[in-house]
Amino acid sequence: MNVSPALSPLDRPTNSGEVREMFNQLAPTYDLLNTVLSMGLHKVWEQRLVDALPLTKTDRCLDLCTGTGALVPRLAKRFQKIIGADISPEMLAVGKRRWSTITNCEWVEADAQALPFEADTFDAVTVAYGVRNLPDPERGLQEMWRVTREGGALAALEFGQPRNRLWRAIFSLYSSVIIPRIGGLVSGQRSAYRYLPKTSASFPCGAAFEELMRRAGWSVERTISLCGGVAFMYLGRKVSGSSDCFDARRQES
Ligand SMILES: C[S@@+](CC[C@H](N)C(=O)[O-])C[C@H]1O[C@@H](n2cnc3c(N)ncnc32)[C@H](O)[C@@H]1O
726 MNVSPALSPL
736 DRPTNSGEVR
746 EMFNQLAPTY
756 DLLNTVLSMG
766 LHKVWEQRLV
776 DALPLTKTDR
786 CLDLCTGTGA
796 LVPRLAKRFQ
806 KIIGADISPE
816 MLAVGKRRWS
826 TITNCEWVEA
836 DAQALPFEAD
846 TFDAVTVAYG
856 VRNLPDPERG
866 LQEMWRVTRE
876 GGALAALEFG
886 QPRNRLWRAI
896 FSLYSSVIIP
906 RIGGLVSGQR
916 SAYRYLPKTS
926 ASFPCGAAFE
936 ELMRRAGWSV
946 ERTISLCGGV
956 AFMYLGRKVS
966 GSSDCFDARR
976 QES
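Counting from 726, one number per residue, gives the positions in the sequence shown under my numbering.
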């Protein structure tokens, strides 16, 4: 597995089939729990991710690990065509029903590590909380790079670990105690809601995630820490050299 050496395989998914089954089970209650457990914050972060993409109405965007299509309505306003791809048919089924009035989105069942798309197909790729679920995250980022056209953009949202010790301790308590309890109670899948925070707690964030992106071929344009490092937004581009897509600044919010 081609990931950061700091990463323990024990905290990583090893099998895409198991991950697919887990999300199939979570699908019916996923959106409710997402809103409750993030206290609505995920919507703010999703909007920021979409706002950070280059503005165009003529392009094609791949929303990878789309799940129930949380990003789809926002992306649908900015792109001519959206492909929402995910490995879990149940998550996709909820998304299709949820966003049935959105006509410029196509839903595709696909493994992010072996995408069924030609090279250079998309003008942008988005992926929210998906990369850490891949047994081989670098392979997934390489696939995103392959299907993106030269000059195209990547916008990824992923959980991280806060740097401030007190904040990290509070967030860790919330993740390891509250999330599995509430998640387990509502979904009946407590082990899944232990897996989700556990994978976040050990997954490369900040500079380590940027390194994964670079190894996969991406030029890193900007990294934004959200809520003191609870999550990060990573913006990249498929070119080496200078950027006209994003403002190459680091921001903290
Ligand atoms: C935490 S959910 C995020 C869903 C959505 N992006 C959101 O923001 O709500 C992670 C998603 O990644 C999908 N996933 C996991 N492994 C995958 C893989 N190998 N290929 C494609 N999708 C995958 C899961 O089925 C799930 O829908």
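Quick reminder that beta carbons are idealized off the backbone N, C-alpha and C, glycines included.
Can you tell me which of the three DSSP states residue i falls into?
{"i": "residue 852", "result": "strand"}
{"i": "residue 775", "result": "helix"}
{"i": "residue 949", "result": "strand"}
{"i": "residue 824", "result": "coil"}
{"i": "residue 954", "result": "helix"}
{"i": "residue 941", "result": "coil"}
{"i": "residue 838", "result": "coil"}
{"i": "residue 764", "result": "coil"}
{"i": "residue 843", "result": "coil"}
{"i": "residue 748", "result": "helix"}
{"i": "residue 740", "result": "coil"}
{"i": "residue 784", "result": "coil"}
{"i": "residue 795", "result": "coil"}
{"i": "residue 968", "result": "In this predicted model, residue 968 has a pLDDT of only 42, less than 50, meaning its place in the structure is not dependable; the value taken from the coordinates is given anyway. It is coil, neither helix nor strand."}
Which residue or residues does DSSP assign as beta-bridge partners of residue i?
{"i": "residue 789", "result": "810, 852"}
{"i": "residue 833", "result": "810"}
{"i": "residue 960", "result": "880, 947"}
With a threshold of 6 Å on Cβ separation, who are the neighbours of residue i within its own chain once the five nearest residues in sequence on each side are excluded?
{"i": "residue 942", "result": "870"}
{"i": "residue 794", "result": "809, 820, 824"}
{"i": "residue 815", "result": "749, 752"}
{"i": "residue 892", "result": "953"}
{"i": "residue 845", "result": "874"}
{"i": "residue 754", "result": "911, 912"}
{"i": "residue 872", "result": "840, 842, 846, 847"}
{"i": "residue 917", "result": "747, 751"}
{"i": "residue 760", "result": "none"}
{"i": "residue 925", "result": "884"}
{"i": "residue 744", "result": "738, 858"}
Going along the chain, which residues of its own chain have a beta-carbon closer than 8 Å to the beta-carbon of residue i, five neighbours each way excluded?
{"i": "residue 841", "result": "833, 835"}
{"i": "residue 786", "result": "778, 800, 803, 804, 806, 807, 808, 847, 848, 849, 850, 851"}
{"i": "residue 930", "result": "883, 884, 885, 886, 954, 957"}
{"i": "residue 935", "result": "945, 948, 959"}
{"i": "residue 741", "result": "812, 836, 838, 859, 860"}
{"i": "residue 775", "result": "796, 799, 800, 803, 851, 880"}
To which residues of the same chain is residue i closer than 7 Å at the C-beta, ignoring the five residues directly before and after it?
{"i": "residue 896", "result": "887, 955"}
{"i": "residue 901", "result": "922"}
{"i": "residue 784", "result": "804, 805, 848, 849"}
{"i": "residue 919", "result": "905"}
{"i": "residue 791", "result": "797, 809, 810, 811, 820"}
Q: State whether the stretch 910-920 contacts the stretch 946-953, with contact taken as three or more CB pairs (one from each stretch) at a distance under 8 Å.
A: no
Q: List in chain order: all unbroken beta strand (DSSP E) runs of 3+ residues lying wholly within the stretch 846-902.
A: 847-853, 873-884
(Q) Quick check: the stretch 767-781 against the stretch 832-839, are at least 3 beta-carbon pairs closer than 8 Å? (A) no
**Q.** the stretch 820-827 contacting the stretch 873-883, beta-carbon criterion three pairs below 8 Å
**A.** no
Q) Could you give the uninterrupted runs of the alpha helix (DSSP H) lying entirely in the stretch 908-938, keeping only those of 4 residues or more? A) 915-927
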